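Quick notes on the structure that follows.
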Amino acid sequence: MTDSEPLKNPESALTVDVAVIGGGPAGLMAAEVLSRAGVAVHLFDAMPSVGRKFLLAGKGGMNLTHAEPLAAFIGRYAERADALRPLLETFGPNEVREWAAGLGIDTFVGSSSRVFPSDMKAAPLLRAWLQRLRHPAEGRAPVRFHMRHRWTGWVDGSGTLVFQSPEGEKRVQARATVLALGGASWARLGSDGAWWPVLRTAGVDLAPLQPSNCGFDVAGSAVHGVSAGWSRYFSERFAGQPFKSVSLHFTDSQGHRFDRRGEFVATATGVEGSLIYAVSSLLRDQIAAQGSATFTLNLLPDHSAAQVLAHVSHPRGSRSLSSHLKSRLGLDGIKLALLNELLPRDTLNQPALLAAAIQALPVTVVAARPLDEAISTAGGVRFETMDAALMLREKPGVFCAGEMIDWEAPTGGYLLTACLSSGRLAGQGVARYLAQSPAPLP
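Numbering of the sequence shown is given in the UniProt record's numbering, commencing with residue 1 and proceeding in unit increments.
Following this line, the structure appears as structure tokens:
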């Protein structure tokens, strides 16, 4: 069986028990749960093959989940922690590792408590998973894959699904449907958010889609007379370079605090990278409320304030300020350039003010980068519009799973774990729904 099985009788609707729309982790997990229950599943995806975002996310090392205590793990989902708690308590980090082991994939816990496959790769796991779905053990039903089938909605006044395919329009009548269409980032891999207006028209309550785990554009530098973004010198010289061993502090207007050490990268227009992603939801929401957000950087978190002041105040003789800071504090490169980018000359020449800025340098951001550049998406189908099994109240028999639901989380395995967990719950919900709903007459 290939990943491009054509529908028979394209002129008439295909009748199936279950249609899973979306071939990412959430959709595949829903299909697996139903396959295990002996339910025939047809999986549809707009792309030529499944799991494209999953594979790309694993290029730098496939981060499956996180090994921190479960209470702390659930807390990473912030405002949606309570909604996701039942899912993660039944299929959380430990269960993800057991599931991977069942596919023959050993895992290990890295130094940051992130969990990876032993070979750090996503492709072997996906291959083993698809093999099990296509050729399941006795008693399980095979999953049939229909690729290059883009879902466009329902036929007016009916529950018939409509797809655009290379052969033209196809219609599918399903007893139950799982929508696992992803968010709206990385559209080239299939997650384009095209489902949002379709569900809105169908009366589903949706939260606006927003970038999550994203970069930001900085405000213009008054020092260099730039209206927005870095100065030309800083952008051309330092875009793509990392800020290492810094700590970032931010408190929003609601009193939410962020204080963490890590790394991030300068871009041509602003900042991105792991430390920025971790605080991105707070920055994004503050920008929406206030028009900008200002965080502070400690460029030398291993030094006390007294140590920094003593070194900055030490007589430098004929040496330049840059030579002085490099020799006394090891401060050079992009960190020194940022000080020159953001601080006026009189501040640079006053040791007390400069020392304070080195450990609390204000950086103002004014816009999140476009949604398609983000690692993940916030917003989508609200939990309140679904029942406990993730079935839409406005569309009985239609379930949702994965990133298209209104939750967000930082990177570190949290995104994938919640996608898998929600796919599992949706699959279980479909199985119960089918058991309670008599099959239509032939």
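Here a beta-carbon is modelled for each residue, glycine too, at the ideal position from N, C-alpha and C.
This one's a predicted model, so the numbers in the text were calculated from it and none came from an experiment.
Residue of the options minimising C-alpha distance to residue i
i: Ala-180; options: Ala-426, Ala-101, Leu-130 and Pro-93; result: Ala-426
i: Val-381; options: Ala-40, Ala-37 and Ala-184; result: Ala-184
i: Leu-434; options: Val-18, Ala-13 and Ala-101; result: Val-18
i: Ala-356; options: Arg-393, Ala-305, Asp-119 and Val-363; result: Ala-305
i: Leu-14; options: His-135, Ala-174 and Asn-63; result: Ala-174
i: Ile-358; options: Cys-400, Leu-420, Leu-248 and Glu-272; result: Leu-248
i: Thr-417; options: Ser-49, Asp-45, Gly-23 and Ala-100; result: Ala-100
i: Glu-263; options: Ala-122, His-324, Asn-298 and Arg-393; result: Asn-298
i: His-66; options: Leu-420, Gln-428, Gly-413 and Arg-432; result: Gly-413
i: Ala-37; options: Leu-342, Phe-399, Leu-87 and Ala-141; result: Ala-141
i: Thr-294; options: Phe-216, Leu-34, His-146 and Arg-237; result: Phe-216
i: His-256; options: Glu-236, Leu-283 and Gly-402; result: Leu-283
i: Asp-259; options: Phe-234, Phe-250 and Pro-242; result: Phe-250
i: Leu-361; options: Glu-98, Thr-267, Glu-167 and Leu-336; result: Leu-336
i: Phe-234; options: Tyr-277, His-149 and Asn-340; result: Asn-340
i: Ala-278; options: Gly-58, Thr-160 and Ala-78; result: Ala-78
i: Thr-385; options: Glu-89, Ala-207 and Ser-35; result: Ala-207
i: Gly-273; options: Gln-428, Asn-94, Val-246 and Val-398; result: Val-246
i: Gln-98; options: Gly-110, Pro-370, Val-115 and Leu-84; result: Here residue 98 is Glu; the residue named in the question, Gln, does not match the sequence. Taking only the C-alpha atoms, the option nearest Glu-98 is Val-115.
i: Thr-411; options: Ser-111, Cys-214, Val-162 and Trp-186; result: Cys-214
i: Asp-285; options: Arg-319, Glu-138 and Val-366; result: Val-366
For residue i: DSSP bridge partner residues
i: Asn-298; result: Ser-247
i: Gln-164; result: Arg-150 and Glu-169
i: Val-33; result: None, per the DSSP bridge assignment.
i: Arg-140; result: Per DSSP, none; premise fails for Arg-140.
i: Gly-262; result: Val-246
i: residue 461; result: Residue coverage of the chain in this structure runs from 1 to 442, which leaves residue 461 outside it and unanswerable.
i: Pro-211; result: Thr-377
i: Val-18; result: Val-41 and Ala-176
i: Leu-206; result: Val-381
Contacts around residue i, its chain only, beta-carbon distance under 7 Å, and the 5 residues preceding and following it disregarded
i: Leu-408; result: A small fix is needed here, since residue 408 is Glu in this sequence, not Leu. Only Ser-212, Ser-281, Ser-376 and Ala-378 meet the Cβ criterion.
i: Leu-441; result: In this predicted model, Leu-441 has a pLDDT of only 46, less than 50, meaning its place in the structure is not dependable enough to derive any value.
i: Gly-75; result: Ala-81
i: Glu-68; result: Ser-113
i: Gly-203; result: Glu-394
i: Lys-244; result: Glu-263
i: Ser-422; result: Ala-26, Leu-87, Leu-390, Ala-401, Gly-402 and Ile-405
i: Gln-164; result: Arg-150 and Thr-152
i: Met-120; result: Gly-61 and Met-62
i: Ser-118; result: Asp-106, Thr-107 and Phe-108
i: Phe-238; result: Ala-266, Ile-334 and Ala-337
i: Ala-268; result: Ser-235 and Ala-239
i: Pro-136; result: Ser-35 and Pro-142
Close-in-space but distant-in-sequence residues of the same chain around residue i (CB under 6 Å, 5 per side omitted)
i: Val-198; result: Gly-153
i: Leu-415; result: Ser-376 and Ala-409
i: Met-1; result: Residue placement at Met-1 is poorly supported in this model, since its pLDDT is 33, which falls under 50; the coordinates are not used for a value here.
i: Gly-27; result: Val-20 and Ala-180
i: Arg-424; result: Met-29, Val-33 and Phe-91
i: Gln-210; result: Ala-378 and Gly-379
i: Asp-3; result: In this prediction, Asp-3 has a pLDDT of 48, which is less than 50 and means its spatial position is unreliable; nothing more can be read from the coordinates.
i: Gln-254; result: none
i: Ala-83; result: Phe-383
i: Pro-344; result: Val-223
Cut-off 8 Å between Cβ atoms - residues of its own chain near residue i, not counting five sequence neighbours on either side
i: Trp-195; result: Trp-151, Leu-179, Leu-181 and Met-404
i: Ser-313; result: Pro-351, Ala-352 and Ala-355
i: Leu-189; result: Met-47, Arg-52, Lys-53 and Leu-56
i: Asn-9; result: Here Asn-9 scores only 48 on pLDDT, less than 50, and its place in the model should not be relied on; the value that follows carries that caveat. Contacts found: none.
i: Leu-329; result: Leu-300, His-303, Val-308, His-311, Val-312 and Ile-358
i: Thr-201; result: Gly-153
i: Thr-160; result: Ala-13, Trp-154, Arg-171, Val-172 and Gln-173
i: Gln-428; result: Val-33 and Ala-389
Contact belief for residue i with residue j at Cβ below 8 Å, rounded distance in angstroms
i: Val-218; j: Thr-364; result: 6 Å
i: Val-16; j: Ala-40; result: 7 Å
i: Arg-148; j: Pro-166; result: 5 Å
i: Ile-287; j: Ala-368; result: 7 Å
i: Gly-58; j: Ala-122; result: 3 Å
i: Phe-399; j: Val-430; result: 6 Å
i: Pro-93; j: Phe-73; result: 6 Å
i: Leu-342; j: Val-162; result: 53 Å between Cβ atoms; not a contact.
i: Gly-220; j: Ala-228; result: 5 Å
i: Leu-420; j: Val-96; result: 6 Å
i: Ala-71; j: Gly-397; result: Actually they do not touch by this definition, with Cβ atoms about 35 Å apart.
i: Asp-372; j: Trp-186; result: 7 Å
i: Leu-103; j: Arg-132; result: 7 Å
8 Å Cβ cutoff, residue i in contact with chain C
i: Leu-354; result: Reference to chain C is not applicable here, since this structure consists of a single protein chain.
#### Entry: alpha helix (DSSP H) segments (min. 4 residues) lying fully within the region 23-83
25-36, 52-57 and 70-75
### Query
Which runs of the beta strand (DSSP E), 3 residues or longer, sit entirely within the region 268-337?
270-272 and 293-298
### Minimum length 3: unbroken beta strand (DSSP E) runs contained in the region 214-243
216-218
### Task
Could you name each continuous beta strand (DSSP E) segment of 3 residues or more that falls completely within the region 92-124, going from the start of the chain to the end?
107-109 and 114-117
### Message
So within the region 361-414, which uninterrupted beta strand (DSSP E) runs reach at least 3 residues, ignoring any that extend past its ends?
### Response
361-368, 376-381 and 398-400
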